[in-house]
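Asker: Dumping the structure here so I can ask a few things about it.
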Amino acid sequence: MATTAMFKPPRFSAMRVRVLSGLSLAAMLAGTIGPMLLPVDGGGGVMTVTRVLGWALAAAVAVGSPGWRYVAPGELDERERSERARAVVIGHRVTGICICFAFIWLLLATGRTLWLPDQFQAAWLMAMLFWVHVMVPGVLLAWRGTNDEED
Amino acid sequence: MTSNDALTLHNRLALFRAEAGLSRKDLAEQVGVNPQTIGFLERGQYGPSLELGLKLARVFGVPVETLFSLEPFQPLAASLSAPRMMEGGR
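Chains A and B, in that order, are what the protein sequence lines are.
Using the numbering used here, the first residue of the first sequence is number 1466, and each one after it goes up by one.
Using the numbering used here, the first residue of the second sequence is number 21, and each one after it goes up by one.
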């Protein structure tokens, strides 16, 4: 009988998750918020590459840490499971608050002179929110956990 | 034993582990957890489940209440000196 190789996701160290998530956030902020604040073409090659780099790093964090992604039974011990559950709940709340603020802003801005993003800017903001949502549990776990335990 | 945020569980895990000459990694392997979890337990940052508490007690061959307590343990120096003081007082 043929056996299929199960995909085993990598397990990044806490330090690697911290560094990658920091770089990802910086790239996403530069590529998404930058063009809204500075006279830079957001649809240009440099900004597009910056955004995509941020998304790719966020995807790496999501796959490499047991935060948002599926976790196989037995992959985490009881403390890690409880911390992961806590981190996912916090991430859920953070995203919920962001969506709530966006909704309130949209309500207030409609028919007024408040700033609203255009179609592309809205898409970039939505993408950033999604990737931040995906990263937050892993980042919380990385900052909560100690990197290397000494005896 | 719970893993809630307001921990009131005290333990002598570090003491027993040092006496047994076990590293955190060794102990973690014996009870099936991440070595970091042993560190969290020793620092009192995590309260183990009943199952994990019993497993840890089994490793050291002691009752679980020898390892864990709801009341703070007496400092080692005080518990060692107490019998001597009693002997000296006789």
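For glycine and all other residues, C-beta sits at the position ideal for the given N, C-alpha and C.
(1) Looking only at DSSP bridge pairs, what is B:N31 linked to?
(2) Taking the alpha-carbon positions, what's the A:V1601 to A:A1588 distance?
(3) Can you grab the Cα-Cα spacing for the pair A:A1607 / A:R1546, in whole Å?
(4) By DSSP, does B:T22 sit in helix, in strand, or in coil?
(5) Identify which residue in A:V1554, A:E1548, A:G1603 has its Cα closest to the Cα of A:A1523.
(6) Less than 8 angstroms between the beta carbons of A:D1542 and B:V53, yes or no?
(7) Going along the chain, which residues of the segment 1538-1554 of chain A sit with their C-beta nearer than 7 angstroms to a C-beta in chain B?
(8) Is the beta carbon of A:W1520 less than 8 angstroms from the beta carbon of A:A1592?
(9) Using 8 angstroms as the limit for Cβ to Cβ distance, is B:N31 near chain A?
(10) What separation, rounded to the nearest whole angstrom, lies between the Cα atoms of B:R37 and B:Q50?
(11) Does the Cβ-Cβ distance between B:R32 and B:L87 come in under 8 angstroms?
(12) Take B:T22 and list the residues in its own chain whose beta-carbon comes closer than 6 angstroms to its own, dropping the five residues that flank it on each side.
(13) Taking the alpha helix (DSSP H) that B:E71 falls in, what are its first and last residues?
(14) For B:D46, name the three-state secondary structure that DSSP assigns.
(15) Buried or exposed: A:A1525, going by 16 or more other Cβ atoms within 10 Å of its Cβ?
(16) Can at least three beta-carbon pairs, one atom from the segment 1473-1487 of chain A and one from the segment 1505-1517 of chain A, be found at a separation below 8 angstroms?
(17) Please decide whether A:G1508 counts as near chain D, where near means a Cβ-Cβ distance under 8 angstroms.
(18) Could you tell me how far apart the beta carbons of A:L1605 and A:I1555 are, in whole angstroms, since I believe they sit closer than 8 angstroms?
(19) Would you say B:L76 reaches chain A, if we count a Cβ-Cβ gap shorter than 8 angstroms as a contact?
(20) Pairs of beta-carbons, one from the segment 1510-1517 of chain A and one from the segment 1485-1498 of chain A, closer than 8 angstroms: are there three or more?
Answerer: To lay it out plainly:
(1) B:F88
(2) 20 angstroms
(3) 14 angstroms
(4) The pLDDT assigned to B:T22 is 44, lower than 50, so where the model puts this residue is not dependable; a value taken from the coordinates is nonetheless given after this. Here B:T22 sits in coil by DSSP.
(5) A:G1603
(6) yes
(7) D1542, E1543, R1544, E1545, S1547
(8) yes
(9) no
(10) 12 angstroms
(11) yes
(12) Only weak support is given to the placement of B:T22: the predicted model assigns it a pLDDT of 44, under 50, and the value that follows is read from those uncertain coordinates. Closer than 6 angstroms at the Cβ level, and outside the excluded window around B:T22, lie G67.
(13) 70-80
(14) helix
(15) buried
(16) no
(17) Absent from the structure: chain D. Protein chains present are A and B.
(18) 6 angstroms
(19) no
(20) yes
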